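Numbering (the working numbering), first residue to last: 1127 to 1260.
Even for Gly, the Cβ is constructed at its ideal location relative to N, Cα and C.
Note that the coordinates shown come from a computational prediction; the quantities given were computed from them, not determined experimentally.
Everything on this sheet refers to the single structure shown next.
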């Protein structure tokens, strides 16, 4: 599972003594609020998963890739809990698919401000940053 992989990575990086892992639907089981939330949610459309290169399909669990029919299921779920768990003025950073900038920005527009997009090294839109508005 993703949780087991994260725990193994923390141990390999010698961060396990200062890391806490929680099995939760997004942030539902988390009581704290945060100044920053960073997420790499599944964002690939179900219909395109089989067209991915083998090294991508073989490296990630399917649940880490499949974002549903339009690739946005995880964003819809995550944005609600992220808004509740961010401090006022808190920063949300989300990895996005190369063609999802406008759609994810639209999902953010009602509750977040200063929505900005950053490109990856290949020049593709890759990260959206937004500030909690209220």
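May I ask which residues mark the beginning and end of the alpha helix (DSSP H) holding residue i?
| i | result |
| --- | --- |
| residue 1185 | 1180-1185 |
| residue 1163 | Careful: residue 1163 lies outside any alpha helix (DSSP H), inside the beta strand (DSSP E) at 1160-1165. |
| residue 1234 | 1227-1234 |
Classify residue i: buried if its beta carbon has 16 or more other beta carbons within 10 angstroms, exposed otherwise.
| i | result |
| --- | --- |
| residue 1187 | exposed |
| residue 1256 | buried |
Rounded to whole angstroms, what's the CA-CA distance from residue i to residue j? Just pull it up for me.
| i | j | result |
| --- | --- | --- |
| residue 1143 | residue 1200 | 29 Å |
| residue 1183 | residue 1259 | 37 Å |
| residue 1145 | residue 1155 | 16 Å |
| residue 1233 | residue 1226 | 11 Å |
| residue 1214 | residue 1135 | 31 Å |
| residue 1167 | residue 1138 | 23 Å |
Give every residue of the same chain whose Cβ lies closer than 6 Å to the Cβ of residue i, excluding the five residues on either side of it in the sequence, and list them in chain order.
| i | result |
| --- | --- |
| residue 1240 | 1257 |
| residue 1218 | 1163, 1208 and 1256 |
Quick one: residues in its chain with C-beta nearer than 8 Å to the C-beta of residue i, no 5 flanking neighbours on either side, listed in chain order?
| i | result |
| --- | --- |
| residue 1195 | 1171, 1172 and 1173 |
Can you give me the Cβ contacts of residue i inside the same chain, cut-off strictly under 7 Å, excluding the 5 residues immediately before and after it?
| i | result |
| --- | --- |
| residue 1152 | 1203, 1204 and 1207 |
Looking at the secondary structure, which residues open and close the beta strand (DSSP E) in which residue i lies?
| i | result |
| --- | --- |
| residue 1253 | 1251-1258 |
Would you say residue i and residue j are within 8 Å of each other, going by their C-beta atoms?
| i | j | result |
| --- | --- | --- |
| residue 1212 | residue 1160 | yes |
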